[in-house]
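Trainee: Encoded as structure tokens, here's the structure I'll be asking about.
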Amino acid sequence: MKPRYVESQTTTGETYYIRQDRLRDLTKVDVVVFDCDGVLLDVRESYSRAVARTTSALVETMTGYAVPEELYDSRLNRVYKRTGGFNNDWALTYAFTIRTLAELPEGSLKRLRRVAVEALKSGTLFGMFKHLRENPIASEIPVKTLYRGLTIFAEELDSTGWEAVDRLLCNQVYPEIRDTLGYPGGVGEGLVATVFEEIFSGAELFERSFGIEGIYGAEGSGFIENEGVIINDETLRRLTEILGGARMGISSGSLAATAMHVLGESINEIKEDARIWYEAVDEAQAIKGMVGLHKPHPFSLLKASKPFKPYDRVLYVGDTMADRLMVRNAGEPPFLFAGVHGNVHGSEEARDDFMSCGSDIVALSVNDLPEILENVRDN
Numbered sequence: 006m007k008p009r010y011v012e013s014q015t016t017t018g019e020t021y022y023i024r025q026d027r028l029r030d031l032t033k034v035d036v037v038v039f040d041c042d043g044v045l046l047d048v049r050e051s052y053s054r055a056v057a058r059t060t061s062a063l064v065e066t067m068t069g070y071a072v073p074e075e076l077y078d079s080r081l082n083r084v085y086k087r088t089g090g091f092n093n094d095w096a097l098t099y100a101f102t103i104r105t106l107a108e109l110p111e112g113s114l115k116r117l118r119r120v121a122v123e124a125l126k127s128g129t130l131f132g133m134f135k136h137l138r139e140n141p142i143a144s145e146i147p148v149k150t151l152y153r154g155l156t157i158f159a160e161e162l163d164s165t166g167w168e169a170v171d172r173l174l175c176n177q178v179y180p181e182i183r184d185t186l187g188y189p190g191g192v193g194e195g196l197v198a199t200v201f202e203e204i205f206s207g208a209e210l211f212e213r214s215f216g217i218e219g220i221y222g223a224e225g226s227g228f229i230e231n232e233g234v235i236i237n238d239e240t241l242r243r244l245t246e247i248l249g250g251a252r253m254g255i256s257s258g259s260l261a262a263t264a265m266h267v268l269g270e271s272i273n274e275i276k277e278d279a280r281i282w283y284e285a286v287d288e289a290q291a292i293k294g295m296v297g298l299h300k301p302h303p304f305s306l307l308k309a310s311k312p313f314k315p316y317d318r319v320l321y322v323g324d325t326m327a328d329r330l331m332v333r334n335a336g337e338p339p340f341l342f343a344g345v346h347g348n349v350h351g352s353e354e355a356r357d358d359f360m361s362c363g364s365d366i367v368a369l370s371v372n373d374l375p376e377i378l379e380n381v382r383d384n
């Protein structure tokens with residue numbers, strides 16, 4: 006049975022919803038942990054555009070055919086993220102690229118496999134990309150049916166994300182082709198992550214952040230420069246008062262260097278050891294000799310909350326279904342979820358999704374949270 010919600014409005018007229026059976030739990034919140042993208046930062050004109058351009062660039066590199074970037078639009082982006090398996094935009098780029106290549110005729114895929122085999126012999130990421138770029142298979146992608154194919158494919162996916170993509174397409178797209186993309190390898194390890202971050206960051210920030218030269222040849226500023234900070238000083242000040250101190254953290258799939266490039270000093274109130282970025286999860290996976298600790302696994306949320314033990318209730322603020330699933334995996338309560346939808350593509354759809362999956366708070370912005378928590382405690 007779907008939970009019942011109490012509907013109310015902020016003093017600025019924004020509607021928000023509180024899950025009725027969690028009112029008492031929400032009065033006990035003494036820690037707040039934030040996602041970054043879509044919560045602390047408005048990324049609507051950055052990440053989705055970087056996904057589209059990177060996918061188009063990789064497909065053109067391999068086939069010689071340029072799929073219009075506009076095809077990989079915000080609606081398609083959201084369809085995949087609703088599965089809960091594509092919180093990371095490298096994974097989304099990989100999914101779009103592999104599924105697009107799956108549209109190639111069998112003969113073209115065989116030719117691409119032969120090119121991929123030779124590219125893999127190069128021994129370096131730059132050499133592999135150079136070989137692919139210089140030897141496109143000259144095969145056209147059927148664009149007229151591609152969007153529908155990508156949309157239908159999303160219906161077969163789940164919270165395992167890129168792993169589900171590989172399971173479904175393993176008999177269609179040869180492993181050598183997948184290996185050239187190098188996912189889930191990171192920057193400097195795989196083409197997907199490296200080309201994505203070069204396009205997203207721009208050449209100068211890319212080299213400064215990762216300490217390596219780009220391989221794609223991106224020019225000028227990256228899409229990251231389109232981002233803006235959502236959370237304001239007043240929100241952090243009021244939350245500090247409500248929580249009885251700066252009991253706030255970050256659990257994000259973003260890279261620290263690029264996120265902090267935009268956030269700057271806006272999050273100085275948040276303790277360093279309570280900021281858990283993508284790299285921290287990768288490091289933990291390497292130490293433990295395992296994979297699968299990224300969202301929706303609760304590792305980063307638990308680690309971001311740890312400095313504040315003992316705590317009563319932890320409220321995680323996110324904007325995707327992967328965020329919601331992470332809280333569920335962490336255990337409800339003591340972990341609670343606030344879904345914010347005002348800075349995502351498809352705001353009303355996101356609001357409805359958050360309510361359908363039993364979020365504890367559904368609000369337009371992270372900046373509404375102090376007033377919401379105050380109202381819950383007062384009433």
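Take my numbering: the last position of the sequence shown gets the number 384, and nothing is skipped along the way.
Here a beta-carbon is modelled for each residue, glycine too, at the ideal position from N, C-alpha and C.
Measuring straight from C-alpha to C-alpha, what distance separates Leu130 and Gly195?
Mentor: Distance between the alpha carbons of Leu130 and Gly195 is about 7 Å.
Trainee: Suppose you measure from the CA of Leu97 to the CA of Asn384; what does that come to, to the nearest Å?
Mentor: Using only the alpha carbons, I get a separation of about 42 Å.
Trainee: Glu376 by DSSP, collapsed to three states: which one?
Mentor: Three-state DSSP puts Glu376 in a helix.
Trainee: The alpha helix (DSSP H) with Val170 in it runs from where to where?
Mentor: Residues 167-174.
Trainee: Which residue marks the beginning of the alpha helix (DSSP H) containing Tyr52, and which one marks its end?
Mentor: 52-68 is the span of the alpha helix (DSSP H), which, as asked, contains Tyr52.
Trainee: Can you list the alpha helix (DSSP H) stretches of 4 or more residues lying completely in the stretch 305-355, in chain order?
Mentor: For the stretch 305-355, whole alpha helix (DSSP H) runs of length 4 or above, ordered along the chain, are 326-335.
Trainee: Val64: which of Gly112, Gly207, Pro141 sits nearest, CA to CA?
Mentor: Per the Cα distances, Pro141.
Trainee: With DSSP collapsed to three states, give me the class of Ser370.
Mentor: Three-state result, Ser370: coil.
Trainee: Under a Cβ-count criterion, where at least 16 other Cβ atoms within 10 Å of its own Cβ denotes burial, should Ala327 be classed as buried or exposed?
Mentor: Classification of Ala327: buried, given that the 10 Å Cβ count is 16 or more.
Trainee: Are at least three pairs of beta-carbons, each pair with one atom in the stretch 322-341 and one in the stretch 356-371, less than 8 Å apart?
Mentor: The stretch 322-341, when compared against the stretch 356-371, does touch it at the 8 Å Cβ threshold.
Trainee: Would Val11 be called buried (16 or more neighbouring beta carbons within 10 Å of its own) or exposed?
Mentor: Exposed, since its Cβ has fewer than 16 Cβ neighbours within 10 Å.
Trainee: By a C-beta neighbour count over all protein chains shown, 10 Å radius and 16 as the cutoff for buried, is Asn348 buried or exposed?
Mentor: By the 10 Å Cβ count, Asn348 comes out buried.
Trainee: At 4 residues or longer, and completely inside the stretch 209-255: list those alpha helix (DSSP H) runs for me, N to C.
Mentor: With a minimum length of 4 residues, the continuous alpha helix (DSSP H) runs that stay inside the stretch 209-255 are 238-248.
Trainee: Which class does Gln177 belong to by DSSP, given the choice of helix, strand or coil?
Mentor: Coil, per DSSP.
Trainee: Taking the C-alpha atoms as reference points, what is the distance between Ala121 and Asn334?
Mentor: In a straight line, the C-alpha of Ala121 is about 39 Å away from that of Asn334.
Trainee: Straight-line CA distance for Ser206 to Ile272?
Mentor: In a straight line, the C-alpha of Ser206 is about 21 Å away from that of Ile272.
Trainee: Can you look up Glu277 in the DSSP assignment and give me helix, strand or coil?
Mentor: If DSSP states are grouped into helix, strand and coil, Glu277 belongs with the helices.
Trainee: Would the beta-carbon of Lys300 fall within 7 Å of that of Asn82?
Mentor: Cβ distance not < 7 Å, so Lys300 and Asn82 don't count as in contact.
Trainee: Please tell me whether Leu31 and Val319 are closer than 7 Å, where the distance is taken between their beta carbons.
Mentor: In this structure, Val319 does not lie closer than 7 Å to Leu31 by Cβ.
Trainee: Taking 7 Å as the threshold (C-beta atoms), are Pro375 and Thr240 in contact?
Mentor: Cβ distance < 7 Å, so Thr240 and Pro375 count as in contact.
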